[in-house]
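Chemist:
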Amino acid sequence: MSIYNKLDLTGWKPRQLTSQEVRFATWIAFFAWVFAVYDFILFGTLLPEIGRHFGWGEVEQAEIATWVAVGTAVVALAIGPIVDKLGRRKGIIFTVAGSALCSALTAIGGAWGKSPLILIRSLGGLGYAEETVNATYLTELYGASEDPRLTKRRGFIYSLVQGGWPVGALIAAGLTALLLPIIGWQGCFIFAAIPAVVIAIMARKLKESPQFQIHERISRLRKSGAVSEAQNVAQTYGVDYDEHSKAGLKAAFRGPARRATLVIGAALLLNWAAIQVFSVLGTSVIVSVHHISFENSLIILVLSNLVGYCGYLSHGWMGDKIGRRNVIGLGWMLGGLSFAGMLFGPSNMAMVVGLYSLGLFFLIGPYSAALFFISESFPTSIRATGGAIIHAMGPIGAVVAGFGATQVLSAGSDWQTAALWFGAVPCFLSGMLMFAARHVRPETVQ
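The numbering of the sequence shown is our numbering, which starts it at 14 and goes up by one.
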């Protein structure tokens, strides 16, 4: 029976969302993620330009990037409990508006010094957290939908939203090349804030998910002392009242949630090490290992993001067919093998680019299923909190990989060795670890 057809003893039931409202929410989530990624990628793209402007050397720029990654993880972690307390709709508005503010302040933050710039860019964690909020919100909307077509294809549809990453990356690359000579790096950040502000204003029309409406009603009744009524609502809608009353960061490490937090969190940390090595530093690895000079780095960027987008759609579709956990695990394992083959294979342009593209397909693509799977692994009361904890492992994994690769190179070894132990191997292990996570049937998600 649909949750819309159930009534508690007072006759209350959550507000039903129309198909048009669900489609509107999907589009808002997509564009919110596109422009969050736009800002996220923009800083990395323009950091050398910012460094030249203020006279910061490569070492200082690397230190800034490292501390920004740490700050991003802290901010992203803090968003989860906020979204579980205030709601999914407000969470989207807050993260998109915060991303816009971060873009605008970055234009002037460098003049205040490195520390203020790091603090400002740490707010970029709001944009990074956007995909967690999106996954939480859309998991609940699609789960409550009475449209059988959406129910069967929810993973594939979400993959279209998650595909905002390569779209945002391409927009950042294209507009930077176009606007930088005209308005400078400060103007690029101010320009990036404009669409985010528009999306934040449009997001005010979003409707809250039915699951959070239930969660909010139980919380209000419990706080007002109407415990029996709160328990009745929980029983009516299949919510574990005892677990609901213990919501918070600690709840993510209790009961069934603990397994998801620890296993998926560790897998994501390992996988982001591979992302740091093969996605962020991919061209450096290829040039150093195979001595291939790419005359146009933009072609490589377009290729990798095109392959990544195809990976999103493929893994999202397959997740609906054979299970999201299985698709994620298999994908990351194949990605690790592809990258290892690229590292130790012949220095042939076609072979190198082919294996590199295949590796990116299996490295990035599973994230369309991963974010949805993470949300399905937690109950409504801690869905955003659990997702935020796991999501925060990403930047930590990137920092670990960057530090480890630096140590290997400093010891006199080469990128082939560094990329193997801090890229290909962690990617394969992250896939293996995913099979230790609990398999989730979408229809059982509360």
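Cβ coordinates follow ideal geometry from the N, Cα and C atoms, glycine included.
Going by C-alpha distance, which of I395, W345, M355 is nearest F374?
Modeler: Among I395, W345, M355, the Cα nearest to that of F374 is on W345.
Chemist: Under a Cβ-count criterion, where at least 16 other Cβ atoms within 10 Å of its own Cβ denotes burial, should P179 be classed as buried or exposed?
Modeler: Burial call: buried.
Chemist: Which complete alpha helix (DSSP H) runs does the region 212 to 267 hold, if anything under 4 residues is left out?
Modeler: Runs found: 223 to 236, 240 to 249, 254 to 257.
Chemist: Is it true that the region 78 to 98 meets the region 135 to 145, where meeting means three or more beta-carbon pairs spaced less than 8 Å apart?
Modeler: Yes, they touch.
Chemist: Quick check: the Cα distance between T79 and L151, rounded to an integer number of angstroms?
Modeler: Distance between the alpha carbons of T79 and L151 is about 31 Å.
Chemist: Buried or exposed: which applies to V240, given that a residue is buried once 16 or more other Cβ atoms fall within 10 Å of its Cβ?
Modeler: With fewer than 16 Cβ atoms within 10 Å of its Cβ, V240 is classed as exposed.
Chemist: Let me make sure I understand the geometry here. Which of V340, L356, W428 has the alpha-carbon closest to that of V453?
Modeler: Nearest option by C-alpha distance: V340.
Chemist: Measure the Cβ-Cβ separation of G498 and V438 and say whether it is below 8 Å.
Modeler: In the structure as shown, the chain begins at 14 and stops at 459. Residue 498 is therefore absent and cannot be evaluated.
Chemist: Out of T39, S327, F385, state which residue places its alpha-carbon closest to the alpha-carbon of R338.
Modeler: Among T39, S327, F385, the Cα nearest to that of R338 is on F385.
Chemist: By the 10 Å Cβ neighbour count, where 16 or more other Cβ atoms means buried, how is R396 classified, buried or exposed?
Modeler: Its Cβ being crowded by 16 or more others within 10 Å, R396 is buried.
Chemist: Less than 8 Å between the C-beta atoms of G177 and V50, yes or no?
Modeler: Yes. Within cutoff.
Chemist: What residue does the alpha helix (DSSP H) around Q429 start on, and which one ends it?
Modeler: Segment 428 to 432, the alpha helix (DSSP H) holding Q429.
Chemist: Just to confirm, is the Cβ distance from L130 to A280 under 8 Å?
Modeler: No, Cβ-Cβ distance for L130 and A280 is not below 8 Å.
Chemist: If A216 sits next to A45, beta carbons under 8 Å apart, how far is it from one beta carbon to the other, in whole angstroms?
Modeler: A216 to A45, Cβ: 7 Å. Contact.
Chemist: Here's a check: name, in chain order, each residue in its chain whose Cβ is nearer than 6 Å to the Cβ of P1, leaving out the five neighbours to either side.
Modeler: The shown model of the chain, from 14 to 459, leaves out residue 1, and the question about it has no answer.
Chemist: Can you list, in chain order, the residues of its chain whose CB lies under 7 Å from that of L90, leaving out five sequence neighbours each side?
Modeler: Correct list, in chain order: A401, I402, A405.
Chemist: For the candidate residues S443, W428, V35, whose alpha-carbon lies nearest to that of P223?
Modeler: Closest by alpha carbon: V35.
Chemist: Determine contact between the region 224 to 231 and the region 243 to 260, defined as no fewer than three beta-carbon pairs at a distance below 8 Å.
Modeler: Contact between the region 224 to 231 and the region 243 to 260 is present, because at least three Cβ pairs lie under 8 Å.
Chemist: Sort I377, C323, G187 by Cα distance to C440 and report the nearest one.
Modeler: Per the Cα distances, I377.
Chemist: Kindly list the residues whose CB is nearer than 7 Å to the CB of L371, restricted to its own chain and excluding five residues on each side of it in sequence; keep chain order.
Modeler: Only S351 meet the Cβ criterion.
Chemist: Please state whether the Cβ-Cβ distance between G436 and A286 is less than 8 Å.
Modeler: Yes.
Chemist: Quick one: grab the DSSP three-state call for P129.
Modeler: Residue state, collapsed to three classes: helix.
Chemist: Classify N361 as helix, strand or coil using the three-state DSSP reduction.
Modeler: Correct three-state label for N361: coil.
Chemist: Apart from the five residues just before and just after F202, which ones in its own chain have a Cβ nearer than 6 Å to its Cβ?
Modeler: Excluding sequence neighbours, F202 sits near S116, T119, A120.
Chemist: In chain order, what residues of the same chain lie with their CB nearer than 8 Å to the CB of T149, ignoring the 5 residues before and after it?
Modeler: So the qualifying residues of the chain are V96, R101, G104, S388, R396, A397, G400.
Chemist: Determine the DSSP secondary structure at K98, reduced to helix, strand or coil.
Modeler: The answer is helix: DSSP assigns K98 an H, G or I state.
Chemist: Alpha helix (DSSP H) containing H404: first to last residue?
Modeler: Start and end: 396 to 423.
Chemist: Can you give me the C-alpha to C-alpha distance between L368 and K26, rounded to a whole angstrom?
Modeler: Cα to Cα, the separation comes out at about 53 Å.
Chemist: Where P359 and V365 are concerned, what is the direct C-alpha to C-alpha distance, given to the nearest angstrom?
Modeler: Cα to Cα, the separation comes out at about 7 Å.
Chemist: Measure how close the beta-carbons of T393 and E153 come, nearest whole angstrom, since I'm counting them as under 8 Å.
Modeler: At roughly 7 Å, the Cβ-Cβ gap stays under 8 Å, so T393 and E153 are in contact.
Chemist: Hey, could you find the ends of the alpha helix (DSSP H) L154 is sitting in?
Modeler: 143 to 157 is the extent of the alpha helix (DSSP H) around L154.
Chemist: Given a cut-off of 8 Å, decide if V109 and A182 are closer than it, judged by their beta-carbon atoms.
Modeler: No, they are not a contact pair.
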